[in-house]
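Asker: Take the sequence shown: its letters are residues 18 to 442, numbered as in our numbering. Quick reminder that beta carbons are idealized off the backbone N, C-alpha and C, glycines included.
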Amino acid sequence: MTRFITLLFVLLVIFGCAVKTDDGLSQKRYNKINAYLDEKDFFHARDTFNYYKLEIAKPQRLILEAFIDNAFNDPESSNKVIDEIFEKYPDVVNDSVKQKLLEVQQGNYVHLYHYEKANQTVKEILDNYSGILSKDEIDDYKNSQIIWTALSGQPKQEVIIQRNTTLAIKRDVAQLANLTVQANGIDTDFIFDTGANISTVTQSTAKKLNMKMLDGSIQVGAITGLTVQSQLAICPEFTLGDITVKNAVFLVFPDEALAFPQINYQINGILGYPVIEAMKQITITQKEEFIVPKVPVQYPLRNMALDFLNPVICIEGEHYTFDSGAVGTSLYNRFFFKHREAIQGKYQETDLNFGGAGGTLSKRGYFISFEPEIEGRKIVLDSVQVFTENIGDKPNMYYGNIGQDVIKQFNKMTINFKYMYIKFD
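#1: When burial is assigned at 16 or more other CB atoms within 10 Å of the CB, is Glu82 buried or exposed?
#2: In whole angstroms, what separates the C-alpha of Thr222 from that of Asp100?
#3: Can you give, in chain order, each stretch of the alpha helix (DSSP H) that sits fully within the region 341-384 and has at least 4 residues?
#4: Using C-beta distances below 7 Å, list every residue in its chain close to Ala62, excluding the 5 sequence neighbours before and after it, in chain order.
#5: Please list the terminal residues of the continuous beta strand (DSSP E) segment that includes Phe404.
#6: Which class does Arg180 belong to by DSSP, given the choice of helix, strand or coil?
#7: Would you say Phe270 and Thr217 are within 8 Å of each other, going by their C-beta atoms?
#8: Please determine whether the Cβ atom of Thr302 lies at a distance below 7 Å from any heavy atom of the ligand HEM.
#9: Specify whether the region 348-357 and the region 401-415 touch according to this definition: at least 3 beta carbon pairs, one from each stretch, less than 8 Å apart.
#10: Please list, in chain order, all residues of the same chain as Asn201 whose beta carbon is under 8 Å from its beta carbon, the five residues on each side excluded.
#11: Compute the beta-carbon to beta-carbon distance between Tyr337 and Ile419, rounded to the nearest angstrom, for a pair I have assumed lies under 8 Å.
#12: Between the alpha carbons of Pro313 and Thr300, how many angstroms are there, rounded?
#13: Once DSSP output is grouped into helix, strand and coil, what is the label at Lys435?
#14: Quick one: Cα of Arg319 to Cα of Ile439, how far?
#15: Could you tell me the boundaries of the alpha helix (DSSP H) in which Ser161 lies?
#16: What residue range does the alpha helix (DSSP H) around Pro76 cover?
#17: In the DSSP output, which residue or residues are listed as bridge partners for Gln44?
#18: What first and last residue would you give for the alpha helix (DSSP H) that runs through Val269?
#19: Using only CA atoms, which one of Tyr130, Lys263 and Arg188 lies nearest to Gly342?
#20: In angstroms with no decimal places, state the Cα-to-Cα distance between Thr241 and Ser43.
#21: Could you check how far apart the C-beta atoms of Val266 and Ile251 are, in whole angstroms? I think they sit under 8 Å.
#22: Between which two residues does the beta strand (DSSP E) carrying Thr302 extend?
#23: With respect to the beta strand (DSSP E) encompassing Leu119, which residues constitute its N-terminal and C-terminal limits?
#24: Who does Asn96 pair with in a DSSP beta bridge?
#25: Assign Glu306 to one of two classes, buried (16 or more other C-beta atoms within 10 Å of its C-beta) or exposed (fewer than that).
#26: Rounded to the nearest angstrom, what separates Ile163 and Val139 at their Cα positions?
#27: Could you tell me the alpha carbon to alpha carbon distance between Val478 and Asn428, rounded to whole angstroms?
#28: Which residues share a DSSP beta bridge with Pro328?
#29: Name the two residues that bound the continuous beta strand (DSSP E) containing Ile208.
#30: State whether the region 131-146 contacts the region 180-187, with contact taken as three or more CB pairs (one from each stretch) at a distance under 8 Å.
#31: By the three-class DSSP mapping on this structure, what secondary structure does Lys173 have?
#32: Compare the C-alpha of Lys435 against each of Val98, Asn264, Tyr68 and Leu323 and name the closest.
#33: Within 10 Å of its beta-carbon, does Asn413 have 16 or more other beta-carbons around it, so buried, or fewer, so exposed?
#34: Using DSSP bridges, identify the partner residues of Gln248.
#35: Considering only the beta carbon of each residue, do Ile293 and Phe209 sit closer than 8 Å?
#36: Tell whether a beta-carbon distance below 8 Å holds between Leu268 and Ile235.
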């Protein structure tokens, strides 16, 4: 009996030490991890959180956990944690953090195709927290509200993979990667692009493929900072080989918005992140193959995160957006400021052109040799753009955007959205 009491006492002491937190130290740990999250550095945030989480008070620990679960594609867990925060600690969380948690919850609902709940969450943000938002943020939420209102009541997207599937990649006039989409008895080539937040289609192609047009006009921001007017549509069903996609959401652009007459080039459509992510795993090979396994493969690497619907990759401790639709890699002013001395000492500043469907702009910067180490192998990319100025109307939190020129340095690349890794072989 004495031995049992002694053992129980020891366990209580150990348990007590494990959960007791120092308020000052807890706040310090929380601030450090939260700063990483503000900078979109999800990888340092995750690793630091896992190391120090027992030193952080539970309300703050749950807040960080909600953000990190969201970033690493676990929307159900993130929502569960957010609900616990609002239920158990409503007085501990200030309005600014509540608004950010609701923003994350909106994103979680979108990932889960719960459009009506996403719409309700945006309404709650606008009704209760407009006073702490900028005009641009309010306009963004109102634009989102148009989208989720139009999609409320629509069926969820569904992707059915009948067997391991290999598709041929076609290169168009602009050397962008295309897959053949079959819908309404018609074959049409669509670009596939993990960097596209949502799939896109021209008006004429949407009509040809018998897509269901939804109410509402939406402003879509382009990388140039300009906006393009579009509508929403649901594609009841299309196939990619042995893969069936049901109820995919598309932005519908006027044909001319996706036309480049100077090179006689017309984009029919773009398969964006929501369709590609739902496949759970894709592999792109140098043989121009697009491979989707029926069952995704687990791997110990976890070097991918998500910024809402944008894939993010960690390379040598630096975080970059990852865009399989971008022909080339671009480096942002954050990369320039970190490596300024080496760049200015070796390269000449010049004008750099960039853009997309919204037009083309010019910014100051350099063409440099980019030499990252990936999967234990150093690669060399010549004439990579590095901007000295900010691109767009928001600060560039990332070091750059990784494109196809990196992918082409390897025999194949695998993106796994279930276990959150990007693997190069």
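Answerer: To lay it out plainly:
#1: buried
#2: 42 Å
#3: 350-355 and 357-361
#4: Ile50, Tyr53, Leu54 and Ile85
#5: Leu398 to Phe404
#6: coil
#7: yes
#8: Of the ligands one can find in the structure shown there are none, so the ligand HEM has no counterpart to examine.
#9: yes
#10: Lys225, Leu226 and Asn227
#11: 5 Å
#12: 11 Å
#13: coil
#14: 8 Å
#15: Lys152 to Leu168
#16: Lys75 to Ala88
#17: Gln44 is not bridged to any residue.
#18: Run containing Val269: none in the alpha helix (DSSP H); it sits in the beta strand (DSSP E), Ile260 to Phe270.
#19: Arg188
#20: Reliability fails at Thr241, whose pLDDT of 45 lies under 50, so the model's placement of it is uncertain and the value that follows must be treated cautiously. Computed Cα separation, rounded: 41 Å.
#21: 6 Å
#22: Gln298 to Thr302
#23: Unbroken run through Leu119 is the alpha helix (DSSP H), Asp112 to His128; no beta strand (DSSP E).
#24: None; Asn96 has no bridge partner.
#25: exposed
#26: 10 Å
#27: No statement about residue 478 is possible, as the shown extent of the chain runs from 18 to 442 and does not include it.
#28: Leu323
#29: Ile203 to Phe209
#30: no
#31: coil
#32: Leu323
#33: buried
#34: Val269
#35: yes
#36: yes
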